[in-house]
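Peer 1: This structure is in structure tokens; I'll ask about it shortly.
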Amino acid sequence: MKVVGTMKPIERISIVDQVINNLKDYIVEQNVAVGDKMPTEKEICEMYGVGRSTAREAYRMMQAIDMIDVKRGKGAYFKGVPSERTDDSCVACWFKEHGQRLTSIMEVRMGIETMTTRLAIQRISDRQLEQLRVIHDLFMQSAKARNYVKMAFYDEELHHKIAEASGNELLIRMEKIIAECIVDYRVQTYLLPDNADHAITTHEALIGAFEKRDVEAGVALMTEHIENSLEDMEAIVQEKES
């Protein structure tokens, strides 16, 4: 495969988002057709001067928005440019199809992330606390711009940073495994504006609990956050069926 591409200046914290934008340009410039094979992760690293984990994350996000199909052992294939959806019918269908799997994941997530929150509030440094605030601000900017891919990315980053602040290597690894399982869920969730508003309100309160070092409030907010995520999903499906 002929590898062509130039990296645009990185203006924001999200290198992954920049790689996605460059790959979209690559698709247009190289006249990539539906079914054509996309560059390998190694080629993406060479094209844009990024690490393997960044290339992998970019493809995870692109798969979540149904732009590519990643086939194990074969690579990634272009599926087409996703349409801009303004209603919740497609989202409801997706949630209904994947609801049972997501419920199981959320049950595990409840245990892991409430535990990481409890430890993180006790152990977080001032620098890590500032990182939470920066990521939250970027999430709000993305919500204002209605960029659901960025919203999903920064939501995931916020939860990663909370796990890292716990200082527990096993919990950090488990949180990352869960995050990999719900990339598509996060993207689908933020296609609906109300869900972004809910997340902003909860994240703001959660960071407030971290700033006050209020362990019990933080754990209660994380519990409520995950419970609300499930309830929002169920409400969307029920509304579609009524």
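Those letters in the sequence shown? Residues 1 to 242, by UniProt numbering.
For glycine and all other residues, C-beta sits at the position ideal for the given N, C-alpha and C.
If you drop the 5 nearest sequence neighbours on each side, which residues of the same chain put their C-beta closer than 6 Å to that of Asp25?
Peer 2: Residue numbering aside, residue 25 sits at position 25 when the sequence shown is read from its first letter. Here the set comprises nothing.
Peer 1: If we call anything under 7 Å between Cβ atoms a contact, is Thr189 one with His225?
Peer 2: For the purposes of this step, residue 189 is taken as residue 189 along the sequence shown, with counting starting at 1. For the purposes of this step, residue 225 is taken as residue 225 along the sequence shown, with counting starting at 1. No, the pair does not count as a contact, with Cβ atoms beyond the cut-off.
Peer 1: With a cut-off of 8 Å on the beta carbons, I'd call Ala152 and Arg186 a contact; round off their distance for me.
Peer 2: Position 152 of the sequence shown, counted from the start, is the residue given in the question as residue 152. Position 186 of the sequence shown, counted from the start, is the residue given in the question as residue 186. Rounded, the Cβ-Cβ distance is 4 Å, consistent with contact.
Peer 1: Following the continuous beta strand (DSSP E) through Ile68, name the residue where it begins and the one where it ends.
Peer 2: Within the sequence shown, residue 68 is the residue found at index 68, counting from 1. Counting along the chain, the beta strand (DSSP E) containing Ile68 begins and ends at 68–71.
Peer 1: I'd like the ranges of any alpha helix (DSSP H) spanning at least 4 consecutive residues and lying wholly in the segment 119–173.
Peer 2: 126–144, 148–166
Peer 1: Can you tell me whether Ala33 is helix, strand or coil according to DSSP?
Peer 2: What you label residue 33 is simply residue 33 of the sequence shown in a count that begins at 1. The answer is coil: DSSP assigns Ala33 none of H, G, I, E or B.
Peer 1: Going by DSSP, what residues sit across from Gly75 in a beta bridge?
Peer 2: Indexing the sequence shown from 1 puts residue 75 at position 75. Bridge partners of Gly75: Lys71.
Peer 1: Looking at the secondary structure, which residues open and close the alpha helix (DSSP H) in which Ile200 lies?
Peer 2: In the sequence shown, residue 200 corresponds to position 200, counting from 1. Annotation for Ile200: the continuous alpha helix (DSSP H) segment containing it runs 193–212.
Peer 1: Nearest by alpha-carbon distance to Asp69: which of Ile105, Asp36, Gly99, Cys93 is it?
Peer 2: As a working mapping, residue 69 is identified with position 69 in the sequence shown. Nearest option by C-alpha distance: Asp36.
Peer 1: Between which two residues does the alpha helix (DSSP H) carrying Thr189 extend?
Peer 2: Position 189 of the sequence shown, counted from the first residue, corresponds to residue 189. Going by DSSP, Thr189 is part of the alpha helix (DSSP H) stretching over 183–189.
Peer 1: Which residue comes first and which comes last in the alpha helix (DSSP H) that contains Met62?
Peer 2: Along the sequence shown, one-based indexing puts residue 62 at 62. Taken as a continuous stretch (DSSP letters only), the alpha helix (DSSP H) holding Met62 covers 52–64.
Peer 1: Counting Cβ pairs, one atom from each stretch, are 3 or more of them under 8 Å apart for the segment 174–184 and the segment 137–146?
Peer 2: No: fewer than three Cβ pairs fall under 8 Å.
Peer 1: Should Ile112 and Ala58 be called a contact, given that it needs their Cβ atoms to be closer than 7 Å?
Peer 2: By one-based count along the sequence shown, residue 112 stands at place 112. By one-based count along the sequence shown, residue 58 stands at place 58. Cβ distance not < 7 Å, so Ile112 and Ala58 don't count as in contact.
Peer 1: When the Cα atoms are used, what is the spatial distance from Ala64 to Ile15?
Peer 2: Position 64 of the sequence shown, counting from 1, holds the residue named residue 64. Position 15 of the sequence shown, counting from 1, holds the residue named residue 15. Roughly 17 Å between the two C-alpha positions.
Peer 1: Straight-line CA distance for Arg56 to Cys45?
Peer 2: For the purposes of this step, residue 56 is taken as the residue at position 56 of the sequence shown. For the purposes of this step, residue 45 is taken as the residue at position 45 of the sequence shown. So the two alpha carbons sit approximately 10 Å from each other.
Peer 1: When we look at the beta-carbon of Pro39 and count the other beta-carbons within 10 Å, is it buried (16 or more) or exposed?
Peer 2: Within the sequence shown, the letter at position 39 stands for residue 39. By the neighbour-count rule (16 or more Cβ atoms within 10 Å), Pro39 is buried.
Peer 1: With Met47 as the anchor, note down where its alpha helix (DSSP H) starts and where it stops.
Peer 2: Translated into positions along the sequence shown, residue 47 becomes position 47. Its alpha helix (DSSP H) spans residues 41–48.
Peer 1: Shortest alpha-carbon distance to Arg146 belongs to which of Ile105, Asp155, Leu132, Pro193?
Peer 2: In the sequence shown, residue 146 corresponds to position 146, counting from 1. Looking at the Cα atoms, Pro193 is the closest of the given residues.
Peer 1: Do Met233 and Thr114 have their C-beta atoms closer together than 7 Å?
Peer 2: Here residue 233 is taken as the residue at index 233 of the sequence shown, counted from 1. Here residue 114 is taken as the residue at index 114 of the sequence shown, counted from 1. Their beta carbons are not under 7 Å apart, which means Met233 does not touch Thr114 by this criterion.
Peer 1: Around the Cβ of Asn31, are there at least 16 other Cβ atoms within 10 angstroms (buried) or fewer (exposed)?
Peer 2: What you label residue 31 is simply residue 31 of the sequence shown in a count that begins at 1. Under this definition Asn31 is an exposed residue.
Peer 1: Which of the three DSSP states, helix, strand or coil, is assigned to Val81?
Peer 2: In the sequence shown, residue 81 corresponds to position 81, counting from 1. It is coil, neither helix nor strand.
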